[in-house]
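According to the UniProt record's numbering, the sequence shown is numbered sequentially starting from 1.
Where a beta carbon is used, it is the ideal one built from N, C-alpha and C, also for glycine.
Below: one structure, written as structure tokens.
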Amino acid sequence: NEARRAAQDEHVEIRSYDVIYEVIDDIRRAMIGMLDPIYEEQAIGEAEVLQIFESSRLGAIAGCRVTSGRLARGARIEVTRNGDQVFDGELSSLRRFENDVATVEAPQECGIATDDFNGWEPGDTINAYQEVEIERSLSGQAAESSSS
Numbered sequence: 001n002e003a004r005r006a007a008q009d010e011h012v013e014i015r016s017y018d019v020i021y022e023v024i025d026d027i028r029r030a031m032i033g034m035l036d037p038i039y040e041e042q043a044i045g046e047a048e049v050l051q052i053f054e055s056s057r058l059g060a061i062a063g064c065r066v067t068s069g070r071l072a073r074g075a076r077i078e079v080t081r082n083g084d085q086v087f088d089g090e091l092s093s094l095r096r097f098e099n100d101v102a103t104v105e106a107p108q109e110c111g112i113a114t115d116d117f118n119g120w121e122p123g124d125t126i127n128a129y130q131e132v133e134i135e136r137s138l139s140g141q142a143a144e145s146s147s148s
């Protein structure tokens, strides 16, 4: 029919429903899909800087002991010194002995480097975290409760 053809020409999707609740659920899913994502920081590990090494290729490398959880290459890290944050960024290099590794678990030792920070000092604390996307919902759940 002419309406369907016009909709196809304009790339308009036509949906048919048998029950009003299906329409409401579909609209709710579409609206949630349009919301910007929300991320939450989730702690994954902590380490202490024991010693600093210099590398001509990477700059300063922090020799660390993972004290809890794990460190992961690509994770976000926060470096604190005497309770003050001195760096917040990405852990770009993670090595155990001479091997490049993806993760190091407590209580192992490792060497770490970042692209943006070379000011390591023994005693610095490294908190590693990952950003986890939080599932979004719409406020006002009246349509869901009325369908029960």
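In the assembly as shown, Thr67 is an exposed residue. Its beta-carbon has fewer than 16 other beta-carbons within 10 Å.
Asp124 carries a coil assignment under DSSP once its states are collapsed to helix, strand and coil. Gly74 places its beta carbon 8 Å or farther from that of Asp116.
The shortest C-alpha to C-alpha distance from Phe53 to any of Ile126, Ile61, Glu46 is the one to Ile61. Here DSSP, grouped into helix, strand and coil, assigns Arg4 to helix. With respect to the C-alpha of Ala43, the residue from Cys64, Asn127, Ile14 having the closest C-alpha is Asn127. Annotated as proximal: Asp124 and Arg81, with beta-carbon spacing under 8 Å. Leu71 counts as buried, since at least 16 other C-beta atoms from the protein chains shown sit within 10 angstroms of its C-beta. Cβ atoms of Ile134 and Tyr39 come within 8 Å of each other, at about 7 Å. In chain order, Ala43, Ile44, Gly45, Glu46, Glu105, Ala106, Ala128 place their CB closer than 8 Å to the CB of Gly69, counting only its own chain and leaving out the 5 sequence neighbours on each side. Excluding five sequence positions before and after Val79, the CB atoms of its chain that fall closer than 6 Å to its own CB belong to Val86, Phe87, Asp124, Ile126, given in chain order. In this structure, the beta-carbon distance from Leu94 to Val101 falls below 8 Å. Residue pairing of Thr114 in beta bridges, as defined by DSSP: absent, with no partner found.
Going by beta carbons, Arg15 and Leu138 fall outside the 8 Å limit.
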